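**Q** Submitted below is the structure of interest, expressed as C-alpha cells.
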Amino acid sequence: MQEQVPSRCLVPVSPDLAGPLPSQPVTPQYPYMPWYPPPNFMRGARLDGRMSAIRRFFCLFVTFDLLLTSLLWLITLMLGDQFDLKVIVEKQILHYKIKSSLFDIVMASASRFVVLLLFYGFVQINHWFVVALTTAGTGVFVVAKVIMFDWDNINSQVLLIMLVLSSFVLSWAEAWLLDIKVIPQERYAQEVLSAGFLPSGPPSVSDERTRLIAQYAASIPPSESAFYSPLEDSTDDSSDEADTRSRRSRRHRRVKPIISSQNEANIVKAKEIVTSSWQLLTCDKWTFEKVTDCSDTIESFKLDDGYKVFKLTSILDVNASELFNILYHRLADLPKWNPTIEAARVLELIDLWTDISYQVSKKVGLIASREYVTLRRFEQIGSHKVIATASILYPRLPSSKNVIRGDVGPSCWAIREVDESTSEVQWLLNTKINGWIPVKAVETALSSVMANTITHLRRHCESLPQQTPVITA
Numbered sequence: 054m055q056e057q058v059p060s061r062c063l064v065p066v067s068p069d070l071a072g073p074l075p076s077q078p079v080t081p082q083y084p085y086m087p088w089y090p091p092p093n094f095m096r097g098a099r100l101d102g103r104m105s106a107i108r109r110f111f112c113l114f115v116t117f118d119l120l121l122t123s124l125l126w127l128i129t130l131m132l133g134d135q136f137d138l139k140v141i142v143e144k145q146i147l148h149y150k151i152k153s154s155l156f157d158i159v160m161a162s163a164s165r166f167v168v169l170l171l172f173y174g175f176v177q178i179n180h181w182f183v184v185a186l187t188t189a190g191t192g193v194f195v196v197a198k199v200i201m202f203d204w205d206n207i208n209s210q211v212l213l214i215m216l217v218l219s220s221f222v223l224s225w226a227e228a229w230l231l232d233i234k235v236i237p238q239e240r241y242a243q244e245v246l247s248a249g250f251l252p253s254g255p256p257s258v259s260d261e262r263t264r265l266i267a268q269y270a271a272s273i274p275p276s277e278s279a280f281y282s283p284l285e286d287s288t289d290d291s292s293d294e295a296d297t298r299s300r301r302s303r304r305h306r307r308v309k310p311i312i313s314s315q316n317e318a319n320i321v322k323a324k325e326i327v328t329s330s331w332q333l334l335t336c337d338k339w340t341f342e343k344v345t346d347c348s349d350t351i352e353s354f355k356l357d358d359g360y361k362v363f364k365l366t367s368i369l370d371v372n373a374s375e376l377f378n379i380l381y382h383r384l385a386d387l388p389k390w391n392p393t394i395e396a397a398r399v400l401e402l403i404d405l406w407t408d409i410s411y412q413v414s415k416k417v418g419l420i421a422s423r424e425y426v427t428l429r430r431f432e433q434i435g436s437h438k439v440i441a442t443a444s445i446l447y448p449r450l451p452s453s454k455n456v457i458r459g460d461v462g463p464s465c466w467a468i469r470e471v472d473e474s475t476s477e478v479q480w481l482l483n484t485k486i487n488g489w490i491p492v493k494a495v496e497t498a499l500s501s502v503m504a505n506t507i508t509h510l511r512r513h514c515e516s517l518p519q520q521t522p523v524i525t526a
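Numbering (our numbering), first residue to last: 54 to 526.
Written out as C-alpha cells, the structure reads:
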C-alpha cells in the first residue's frame, strides 16, 4: 500500500540560491501588458463596500418577478370579467379559497421578493440555502395549486396557465442566477482582490508617465557616458583595456526589471513553490512504477488529496548548463522538439529568475488539450539547478472557452552535472488536468507523457551541435 505524505512540506534551502547573472540578456517574449479587469471581475467586485453589479441584477430580477406576476394576475382577472375592486377584494382576498382564488400566486411571488431581498440584498449572504428554500417552496405550492384548482370557473385558461408557469419558471431562474452567476463571480472577484492584482486606485497622469518612462528606460542599455569617471594621470595601457572591458560588460549587462509590490508577492510565492517542489522531490516515500526503454526510472506516490504525483529520473548526454538553457531560457522553443506541446511562451517577466509562463498541451489519448498558466522560478540548491513551477491566478489572461485550464501543483526540473557532457535530470510532475476523466486513465496518460517527453528531450539534445555556447547559471 502506498504511503501518503502531505503535498506541501518545507525543508531548509541553501542560502546561496541565485547564482551569477547570464552573460546574455534574456528578453521577455511579450512586452508589458496593461491590466484590463476581466468582465467577471467587474461584475462580481464589491468596491468601496457597494453591492456588486451581478448581485444588483439579481435583486432587480426578483423585483421583475413580482411585477410580472402581478401584471399577469390583473390581466387574467380583467379578461375574466371580474375586474371589480370590491369583487376582487371579497372573492380573491377576504374569502380566499385555493380552488378559486389566484391571489395566492401573487403572494408567493411577494414572499420570494421579501425573503430574497432581505437575505441577498440587505444582509448580502453568500449561500444558496435561502434561494433553494424559496424555489422548493414555490414548486410544492404550484403543484398543489394545479391539482386543487377548479379550472372550469375560469374563462381565460391560457392566461391562467401562463400565470402558474411564470411563477414556477421565475423561481427556478432565481436559483440558477444566484448559484451559477452571483456567487461564483463574487468569489472570483474576491480571489483577485486577495491576490493583490487590483491597483489601489486609478493611476494619475504623473504616475502613468513615470511608469511608462521607467519601462522605456529599462529597455535601453546604458551608454558609455553613464559610466564616466575622471581621467587618471597613469597612462598604463593595461589599465585602459581593463576599463574598456569593464564598460562593455556593464553596457551588455541585463537591466534589472522594475519590481512592483505585486511582483514582490509573486517572488515570495515563487520561492515557496521552489521549497515545496524540492521537498516533494527529495521525499523518501516514492514507489517504483516502471523503467522505460531508455532506462529512465518513473516513480510515484499519492498526496493527501488522492492525486498521484510522478518523478522521472534520467541521464542525458548534454552539458548541465545547456540543458538548463533548453528547459528555462528557451521556453518558446518547447513545441519545436516536444510534439505534445502546442504553444509555450512567457507572459510576464518578474525578475531575473522569475516569470509567469503559458503552455497549451495537445490531446493525448482520452485527455483533450489543456492550458496552464504557471509561476516559474530558478534557484541553485546545492549541486542542482532547480526550475520550479506551479499554477497561479492571472486575471490578465482569463480562461479560454475552448480549452480547459489545468492546475499544476508544486513541480520542478532538477538538473545535476555528472561531468562536462553528461547531466542527471529529475522531473517532478504534479498536475490536475480537471475534467470528467477516470483517474486511472489520467495516471496512465501522465506516465506515458513523461516517458515520451524525456525521449524527445534526449533526441533534441543529441541533435545539438557539439560546440554550443554555454550560458552559465
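Glycine residues also receive a C-beta, built at the ideal position from the N, C-alpha and C atoms. All of these numbers come straight from a predicted model, not from anything done at the bench.
Determine the direct distance from the alpha carbon of Thr350 to that of Val344, and round the result to whole angstroms.
**A** Locating residue 344 in the sequence shown gives position 291, counting from the first residue. Locating residue 350 in the sequence shown gives position 297, counting from the first residue. Cα-Cα distance, rounded: 5 Å.
**Q** Look up His437 in the DSSP assignment and say whether it is helix, strand or coil.
**A** Translated into positions along the sequence shown, residue 437 becomes position 384. Note: His437 maps to strand in three-state DSSP.
**Q** Which residues does DSSP pair with Glu424 in a beta bridge?
**A** The residue labelled residue 424 in the question sits at position 371 within the sequence shown. DSSP, once it has assigned bridges, lists Val413 and Arg458 as partnering Glu424.
**Q** Taking Cβ positions, are Ser330 and Ala441 nearer each other than 8 Å?
**A** Counting from one through the sequence shown, the residue named residue 330 turns up at place 277. Counting from one through the sequence shown, the residue named residue 441 turns up at place 388. Closer than 8 Å, so yes.
**Q** Does Glu473 come out as helix, strand or coil in the three-state DSSP assignment?
**A** For the purposes of this step, residue 473 is taken as the residue at position 420 of the sequence shown. It is coil, neither helix nor strand.
**Q** Could you give the residue range of the beta strand (DSSP E) that holds Phe354?
**A** Here residue 354 is taken as the residue at index 301 of the sequence shown, counted from 1. DSSP places Phe354 in the uninterrupted beta strand (DSSP E) bounded by Thr350 to Lys355.
**Q** Would you say the region 187-195 touches the region 222-233, given that touching needs at least three Cβ pairs under 8 Å?
**A** yes
**Q** Along the chain, where does the alpha helix (DSSP H) containing Ala228 start, and where does it finish?
**A** As a position in the sequence shown, residue 228 is number 175, starting the count at 1. Where Ala228 is concerned, the enclosing alpha helix (DSSP H) starts and stops at Gln210 to Trp229.
**Q** Does DSSP put Asp404 in a helix, a strand or coil?
**A** Looking up residue 404 in the sequence shown gives position 351. Asp404 falls in the strand class under three-state DSSP.
**Q** Note the first and the last residue of the continuous beta strand (DSSP E) segment covering Thr497.
**A** By one-based count along the sequence shown, residue 497 stands at place 444. Run containing Thr497: none in the beta strand (DSSP E); it sits in the alpha helix (DSSP H), Val492 to Ser516.
**Q** Buried or exposed: which applies to Asp203, given that a residue is buried once 16 or more other Cβ atoms fall within 10 Å of its Cβ?
**A** Indexing the sequence shown from 1 puts residue 203 at position 150. Exposed is the call here.
**Q** For Glu244, collect the residues of the same chain with a Cβ closer than 8 Å to its Cβ; drop the 5 residues on either side in sequence, then sort them by chain order.
**A** If you number the sequence shown from 1, residue 244 lands on position 191. Cβ neighbours of Glu244 beyond the five flanking positions: Leu446.
**Q** Taking the alpha-carbon positions, what's the Ala467 to Lys234 distance?
**A** Indexing the sequence shown from 1 puts residue 467 at position 414. Indexing the sequence shown from 1 puts residue 234 at position 181. So the alpha carbons of these two residues sit roughly 42 Å apart.
**Q** For the beta strand (DSSP E) that contains Thr366, what are its first and last residues?
**A** For the purposes of this step, residue 366 is identified with residue 313 of the sequence shown, where counting begins at 1. From DSSP, the beta strand (DSSP E) with Thr366 extends over Lys361 to Leu369.
**Q** When you compare the CB positions of Ala494 and Ser464, do they come within less than 8 Å of one another, or not?
**A** Here residue 494 refers to the residue found at position 441 when the sequence shown is read from its first residue. Here residue 464 refers to the residue found at position 411 when the sequence shown is read from its first residue. At least 8 Å separates the beta-carbon of Ala494 from that of Ser464.
**Q** Using a Cβ-Cβ cut-off of 7 Å (strictly less than) and excluding sequence neighbours within five positions of Gln145, which residues of its own chain qualify?
**A** Locating residue 145 in the sequence shown gives position 92, counting from the first residue. Taken in chain order, the residues that qualify are Ser154, Leu155 and Phe156.
**Q** Between Leu230 and Leu113, what straight-line distance do the alpha-carbon atoms span, to the nearest angstrom?
**A** Reading the sequence shown from its first residue, position 177 is the one you call residue 230. Reading the sequence shown from its first residue, position 60 is the one you call residue 113. Cα-Cα distance, rounded: 12 Å.
**Q** Using the three-state DSSP reduction, which class does Val176 fall into: helix, strand or coil?
**A** Start at 1 with the first residue of the sequence shown, and residue 176 comes out as number 123. Reduced to three states, the DSSP call for Val176 is coil.
**Q** Which first and last residues belong to the alpha helix (DSSP H) in which Glu317 is found?
**A** On the sequence shown, residue 317 is found 264 positions in, with the first residue counted as 1. Residue range Ser314 to Thr335 is occupied by the alpha helix (DSSP H) that includes Glu317.
**Q** How is Trp482 classed by DSSP in three states: helix, strand or coil?
**A** What you label residue 482 is simply residue 429 of the sequence shown in a count that begins at 1. The displayed chain sequence assigns Leu, not Trp, to residue 482. Three-state result, Leu482: strand.
**Q** Would you call the CB atoms of Glu395 and Lys415 closer than 8 Å?
**A** Counted from its first residue, the sequence shown places residue 395 at position 342. Counted from its first residue, the sequence shown places residue 415 at position 362. Cβ atoms of Glu395 and Lys415: closer than 8 Å.
**Q** Could you tell me how far apart the beta carbons of Glu239 and Gly97 are, in whole angstroms, since I believe they sit closer than 8 Å?
**A** By one-based count along the sequence shown, residue 239 stands at place 186. By one-based count along the sequence shown, residue 97 stands at place 44. That pair is a contact at about 4 Å.
**Q** So the beta strand (DSSP E) Val344 belongs to, where does it begin and stop?
**A** By 1-based counting over the sequence shown, the position of residue 344 is 291. Thr340 to Val344 is the extent of the beta strand (DSSP E) around Val344.
**Q** With a threshold of 8 Å, are at least 3 pairs of Cβ atoms found where one atom belongs to the region 397-410 and the other to the region 502-514?
**A** No: the two stretches stay apart, fewer than three of their Cβ pairs being nearer than 8 Å.
**Q** Identify the residues that DSSP records as bridge partners of Ala467: which are they?
**A** The residue you call residue 467 lines up with position 414 of the sequence shown. BP columns for Ala467 point to Val439 and Gln479.
**Q** Looking at Asp564: is its Cβ nearer than 8 Å to the Cβ of Trp181?
**A** The chain is shown only over 54 to 526; residue 564 falls outside these bounds and no answer can be derived.
**Q** Can you grab the Cα-Cα spacing for the pair Ser516 / Ala498, in whole Å?
**A** Position 463 of the sequence shown, counted from the first residue, corresponds to residue 516. Position 445 of the sequence shown, counted from the first residue, corresponds to residue 498. Going by the C-alpha atoms only, they are around 27 Å apart.
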